[in-house]
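Numbering (this note's numbering), first residue to last: 1 to 212.
The beta-carbon is built from N, C-alpha and C at its ideal position, and this holds for glycine as well.
So the structure is just underneath, and the comments pick up after that.
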């Protein structure tokens, strides 16, 4: 039932347009790099100082010195550039990134995002998430619809510490695509073999469903 992780990433890649500058968050969003059309001019940016990130390398093409912000090995496309992290964050804070595709622990129906810590657990820090949600033009969340415990991750109000308030525009989960609207969550698209009842039952808030 629903989309696999690769199908979710493939669906998220459809949000990107030619000429976009895009930041991919750590974890599931990094898979989106594998589904960028070869003939497109989409530039993937990493906070550690890379513009022009390509898909994940094979054993033959891996370069252990070429990594993304999550310390995964990556490739660079022709025309890529490398720079210090201060320049990278200047791009982000200056509003030069069109879309950020980020993971999340919770998203509220107002578009609040919690994606950096769980109280009581050790964390290294918030990283670039707060800068991204404040500086980019559009935030798309890519995540599983429910937690491993079975609890909804789409809620009326986030319970975890926030990364940003009213920053998310769209959510792509294994169950479908949902937009944040002034009236709450709105169903845009169902994943394969998922019913409206199933996605509503897995959502911790009302879901707006427009009849065709």
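If residue 180 and residue 187 are in contact, beta carbons under 8 Å, what's the gap, nearest whole angstrom? Against the chain shown, residue 180 aligns to sequence position 180. Against the chain shown, residue 187 aligns to sequence position 187. About 12 Å separates the two Cβ atoms, so there is no contact after all.
Quick check on the DSSP output: what are the complete alpha helix (DSSP H) runs of length 4 or more inside the stretch 46-97, in order along the chain? 85-93
Determine, using beta carbons only, whether residue 20 and residue 99 come nearer to each other than 9 Å. One-based indexing of the chain shown puts residue 20 at position 20. One-based indexing of the chain shown puts residue 99 at position 99. Their beta carbons are under 9 Å apart, which means residue 20 touches residue 99 by this criterion.
If you run the structure through DSSP and keep just helix, strand and coil, what is residue 30? Taking the first residue of the chain shown as position 1, residue 30 is located at position 30. Three-state result, residue 30: helix.
Neighbourhood of residue 134 by C-beta, 7 Å cutoff - its chain only, sequence neighbours within 5 removed: The sequence position of residue 134 within the chain shown is 134, counting from 1. Taken in chain order, the residues that qualify are 164.
How is residue 218 classed by DSSP in three states: helix, strand or coil? Since the first and last residues shown for the chain are 1 and 212, residue 218 lies out of range.
Evaluate residue 215 with the Cβ neighbour count: other Cβ atoms within 10 Å of its Cβ, from every protein chain shown; 16 or more gives buried, anything less gives exposed. Beyond the ends of the chain as shown, which are 1 and 212, falls residue 215; an answer cannot be given.
How many angstroms separate the CA atom of residue 83 from the CA atom of residue 49? The residue you call residue 83 lines up with position 83 of the chain shown. The residue you call residue 49 lines up with position 49 of the chain shown. Those two C-alpha atoms are separated by around 5 Å.
Inter-stretch contact (C-beta, 8 Å, three-pair minimum) for the stretch 145-158 and the stretch 104-113: yes
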